Amino acid sequence: MISKEYKQRQIIASLLAMLFFLGNIVWLATGYCQPATEAGGYPPVVLDSSWKIKQADSPEFSSPLYNDDDWQTIRVPANTQEWFPDQSGYLWYRQWVQLPPGKPLYDLGIRLGRIASADEVYVNGYQIGSSGSGRTDELDNEKIRIYPIPAAVLAADGYNLVAIRVNRYYSDFGGLYNEPVIIDEYSQLINQLIHDQSVKLVFSSVFLLLGTAVLFFFAIRRQQKELLFFSLGVISLGVYIFYGSQWRYYLGMETIYDTRLYYISLITIAPAFARFAYVYLEGQQKEDKAVVDTVFGYYTRGMLLYAVVIDGLLLLYDNGTFWYYFMTFVSQYLGMPLCTIAGLYSLYQFTIVSWDKKLLVFMFGVAFASGTAETVEYESYIPGNLVMWGVMALVLISTMVMANRFFRLQDKVKEYSAGLEKLVDIRTRQLKVMEESRRRLLANISHDLRTPVSSVLGHAELLMEDVVESPEQQRAYIKRIHDKMLGFNRLIQDLFELAKIESQQERFRMAPVTAASLVENIYQKYLYDVQNAGTIFENNSRIPPVVRLMADEDRLDQVFANLISNSLRYISPGGRIAIGCRLTDKPPDDLAVIGSGKFIRFTVADDGIGIEPEQALRIFERFCRGNEAARDNPSEHSGLGLAIAKEIILAHGGRIWVDTTVSRGCTIHFVLPAIE
Numbered sequence: 312m313i314s315k316e317y318k319q320r321q322i323i324a325s326l327l328a329m330l331f332f333l334g335n336i337v338w339l340a341t342g343y344c345q346p347a348t349e350a351g352g353y354p355p356v357v358l359d360s361s362w363k364i365k366q367a368d369s370p371e372f373s374s375p376l377y378n379d380d381d382w383q384t385i386r387v388p389a390n391t392q393e394w395f396p397d398q399s400g401y402l403w404y405r406q407w408v409q410l411p412p413g414k415p416l417y418d419l420g421i422r423l424g425r426i427a428s429a430d431e432v433y434v435n436g437y438q439i440g441s442s443g444s445g446r447t448d449e450l451d452n453e454k455i456r457i458y459p460i461p462a463a464v465l466a467a468d469g470y471n472l473v474a475i476r477v478n479r480y481y482s483d484f485g486g487l488y489n490e491p492v493i494i495d496e497y498s499q500l501i502n503q504l505i506h507d508q509s510v511k512l513v514f515s516s517v518f519l520l521l522g523t524a525v526l527f528f529f530a531i532r533r534q535q536k537e538l539l540f541f542s543l544g545v546i547s548l549g550v551y552i553f554y555g556s557q558w559r560y561y562l563g564m565e566t567i568y569d570t571r572l573y574y575i576s577l578i579t580i581a582p583a584f585a586r587f588a589y590v591y592l593e594g595q596q597k598e599d600k601a602v603v604d605t606v607f608g609y610y611t612r613g614m615l616l617y618a619v620v621i622d623g624l625l626l627l628y629d630n631g632t633f634w635y636y637f638m639t640f641v642s643q644y645l646g647m648p649l650c651t652i653a654g655l656y657s658l659y660q661f662t663i664v665s666w667d668k669k670l671l672v673f674m675f676g677v678a679f680a681s682g683t684a685e686t687v688e689y690e691s692y693i694p695g696n697l698v699m700w701g702v703m704a705l706v707l708i709s710t711m712v713m714a715n716r717f718f719r720l721q722d723k724v725k726e727y728s729a730g731l732e733k734l735v736d737i738r739t740r741q742l743k744v745m746e747e748s749r750r751r752l753l754a755n756i757s758h759d760l761r762t763p764v765s766s767v768l769g770h771a772e773l774l775m776e777d778v779v780e781s782p783e784q785q786r787a788y789i790k791r792i793h794d795k796m797l798g799f800n801r802l803i804q805d806l807f808e809l810a811k812i813e814s815q816q817e818r819f820r821m822a823p824v825t826a827a828s829l830v831e832n833i834y835q836k837y838l839y840d841v842q843n844a845g846t847i848f849e850n851n852s853r854i855p856p857v858v859r860l861m862a863d864e865d866r867l868d869q870v871f872a873n874l875i876s877n878s879l880r881y882i883s884p885g886g887r888i889a890i891g892c893r894l895t896d897k898p899p900d901d902l903a904v905i906g907s908g909k910f911i912r913f914t915v916a917d918d919g920i921g922i923e924p925e926q927a928l929r930i931f932e933r934f935c936r937g938n939e940a941a942r943d944n945p946s947e948h949s950g951l952g953l954a955i956a957k958e959i960i961l962a963h964g965g966r967i968w969v970d971t972t973v974s975r976g977c978t979i980h981f982v983l984p985a986i987e
């Protein structure tokens, strides 16, 4: 059972997660998506997406570029292969830009966004910056370029010509990505870039730390394989976000080995999360898997194996250009189909899972849809970083689910610990009681055996020494020896029977028995003996004749015989003994283990001398007698009858006790479960 504390933690965690996620979305919509902020009272200049474009063999910027001859107009981003199938030489972009009147010309800069190759930037014919190498085999495709613009090259009034040259425009989206080109204060552009990249650094750090923590949990609980795939996907996503940000350029991490890490993480994200989704959802299924589950399981396993093989090849082969082309192929023909198929599988699971799991499955779909969009973004105009936010939502919900699982396990551990402490306490008290019972048992056995043995030895010595001469006295002594040995034999038999019942070596012949007929048979069987002792015997049963129980009728007869003989022993002539049974649905508290339903309560009551309350607690122990004087005549009473009766009732799944609420006499109840 889930505790109230666990439910409260779950609700609080869900609310905090929702507030965190919604707050980030609002912050993203109001600040992060804005390309730049207004500074110095002048808005930033965002260059239009309409550019003049031309292919040229020479990398040099020359005056003829001011002319519009042989220039074509396109809207960026665009697939330049449709315009220039020949992938050679250089590609020029240019656009005339007018600065706002009165805008200061000092401390201005230009932000290009990401470019898929090396570049050079010119303003009014003057080169203001470059990135990458002019060699065609060296790439710098993720770096955001921000170059300062000297005030001397700008025209205060009128238009300024911005020209961008890119080489090796082999990618489908040409030289320019979909980020706009912006002219603003240089310091403001730098601050905005740091602000934007700080978000990625936070996400990357969170993913790396979370993935490492989950991997640690997997090392502890290796049977939960979904933790391995989850941590693999989260760590890969953290590496991917870090190497997709600008921090690697700030830290000088631009070598081919770092690029390999970028590609390794990129190719691992989708297979790891797809496998995580399959393994997690597979563990939630209570019925046999459908064909679609089996097929998707083999598919994700194959894709993950494929990713591992490619990752191994990446570590061995260091040709950056080859891997760029190859990863473009992987994104188009493997990554995007995998995300799409996984998203469709999540949609299928969403229709069949229980309501408490629909949110997580929905987030699976959101994450895979964002992965598809991120893949398409490389070939279209969709804004980037969607996978970061989509997977962040999935990670948030998945972390809550796994945290709730650990909370549940923690509650179970606490519950089991409390139960174990209770069991230890009960067992300790039982051991103390058993030790006390053992001491009393040894004392009682020594007393009850010593008394008849001493008597027998005494009478035998008298006979051996011829002290008793008359035949009548000799026969009387021999009869006393016989009676003592009968009691001694009865004591041994009772001890042996009690030991067999306690060790469950005694077989009970259980069969359906009607409660009313059982009590009536007992009443008729012992009516003569009770009345012959001068005692009134009554049957006060109030139970429907159809109520039955599973019982060994002979053993219950033995229980009634012990209880009735015990009442006769302590009742005065003219007294009353009553037996009976009735149906009840409120058994004693410690009988709840039997289960819910109806119970039959049997009763044997008398109006004799009764039992003291402190003695009632141990009346069913071995050798415990209501009248201590009876200890002097063990041939009449061994002190084991009630102990045997208790073990018989326990073997039937019931409980027997003394009713201490009655003001006169002794009343003993025992309950047994009724059957339909």
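Under our numbering, the first residue of the sequence shown is numbered 312, with each subsequent residue one higher. Idealized CB from N, CA, C, for every residue including glycine. Being a predicted model, the structure only gives us computed values, none of them experimental.
Rounded distance between the beta-carbons of residue j and residue i, thought under 8 Å
i	j	result
V982	I890	Going by Cβ atoms, the distance from V982 to I890 rounds to 15 Å, so no, they are not a contact pair.
Y274	G608	Nothing can be reported for residue 274: it is not among the residues displayed for the chain, which extend from 312 to 987.
L504	R571	Wrong, their Cβ atoms sit about 26 Å apart, outside the cutoff.
G354	I493	Checking the displayed sequence, the identity of residue 354 turns out to be Pro instead of Gly. The pair is not a contact, with the Cβ atoms about 10 Å apart (cut-off 8 Å).
H980	A862	Rounded, the Cβ-Cβ distance is 16 Å, inconsistent with contact.
R405	A474	4 Å
Neighbour-count burial assignment, residue i, 16 or more Cβ in a 10 Å radius
i	result
L802	buried
D381	exposed
T846	buried
D736	exposed
M775	exposed
D495	buried
G919	buried
W407	exposed
I967	buried
D917	buried
R422	buried
P984	buried
C344	In this prediction, C344 scores a pLDDT of 44, lower than 50, which makes its location untrustworthy; the coordinate-derived value is nonetheless stated afterwards. Exposed.
E537	buried
D430	buried
S556	buried
R929	exposed
A771	exposed
N-terminal and C-terminal residue of the alpha helix (DSSP H) that residue i is part of
i	result
I546	K536 to G555
N502	Y497 to I531
D359	No alpha helix (DSSP H) contains D359, which DSSP labels as neither H nor E.
A962	G952 to A962
P648	M647 to F661
V603	V602 to L627
R818	Run containing R818: none; DSSP gives neither H nor E here.
Y560	W558 to Y561
P924	P924 to A927
Element boundaries [beta strand (DSSP E), containing residue i]
i	result
H980	C977 to I986
Y470	Y470 to N478
D917	F910 to D917
P823	A822 to T825
E849	I847 to N850
P459	I455 to I460
W394	Careful: W394 lies outside any beta strand (DSSP E) and carries neither H nor E.
D430	D430 to V434
Y404	Y401 to Q409
I967	R966 to V969
G440	Y437 to S442
T384	Q383 to R386
Any C-beta of chain B under 8 Å from that of residue i
i	result
S878	In the structure shown, chain B cannot be found, because there is only a single protein chain.
(Q) So, does the segment 409-428 touch the segment 459-469, judging by three or more C-beta pairs under 8 Å? (A) The segment 409-428, when compared against the segment 459-469, does touch it at the 8 Å Cβ threshold.
(Q) Going residue by residue through the segment 567-595, where are the continuous alpha helix (DSSP H) segments of at least 4 residues, counting only ones entirely within it? (A) The DSSP assignment places 567-595 as complete runs of the alpha helix (DSSP H) inside the segment 567-595, in order along the chain (cut-off: 4 residues).
Q: Say whether the segment 540-547 touches the segment 513-523, bearing in mind that this needs 3 or more beta-carbon pairs closer than 8 Å, one atom from each stretch.
A: Touching, yes.
Q) Within the chosen definition, does the segment 817-829 reach the segment 780-790 through at least 3 CB pairs nearer than 8 Å? A) These segments do not touch.
Q: Inspect the CB distances between the segment 791-802 and the segment 869-878 and report whether three or more fall short of 8 Å.
A: Fewer than three pairs of CB atoms, one per stretch, sit closer than 8 Å, so the segment 791-802 makes no contact with the segment 869-878.
Q. Which parts of the segment 837-887 are runs of the beta strand (DSSP E), unbroken and 3 residues or longer, counting only runs that do not cross its ends?
A. Correct list: 847-850 and 859-862.
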